[in-house]
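Residue numbers for the sequence shown follow the numbering used here, so the first one is 2 and each next one is one higher.
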Amino acid sequence: MTARVQKWGNSLALRLPKALADEFRLEQGSAVELRVVGDKLVLEPHRPPHYRLEDLLKRVSKRNIHPECKTGRPVGKEAL
């Protein structure tokens with residue numbers, strides 16, 4: 002598939018065909034990652050990582066856990 006780079010203000014823009022945007026679930030305002038791999042420009046949808054509590058807790062060890070923090074004396078209903 003070939004696309005044409007066009008001027009947009011002082012920048013250049015690449016228009017993505019609808020079929021390609023649909024395939025990668027891109028819409029107006031979607032964030033993308035741009036990087037150079039060798040002599041190629043690679044564009045990938047930016048997908049924030051999804052964390053699961055279970056996976057995060059597996060990484061807690063005696064070496065990286067911190068002690069309790071003092072936050073002051075209890076007030077309100079937490080004092081009960």
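By construction, the Cβ of each residue, glycine as well, lies at the ideal position given by its N, Cα and C atoms. Since this is a predicted model, take the numbers as computed values, not measurements.
Return the first residue and the last residue of the beta strand (DSSP E) that residue i is part of.
i: residue 14; result: 12-15
i: residue 45; result: 41-46
i: residue 27; result: Where residue 27 is concerned, there is no enclosing beta strand (DSSP E), given that its DSSP letter is neither H nor E.
How big is the Cα-Cα spacing for residue i and residue j?
i: residue 32; j: residue 63; result: 38 Å
i: residue 72; j: residue 59; result: 27 Å
i: residue 21; j: residue 50; result: 23 Å
If you drop the 5 nearest sequence neighbours on each side, which residues of the same chain put their C-beta closer than 8 Å to that of residue i?
i: residue 46; result: 25, 26, 27, 31, 32, 33 and 34
Go to residue i, then tell me how far its alpha helix (DSSP H) extends in each direction, as first and last residue.
i: residue 19; result: 19-24
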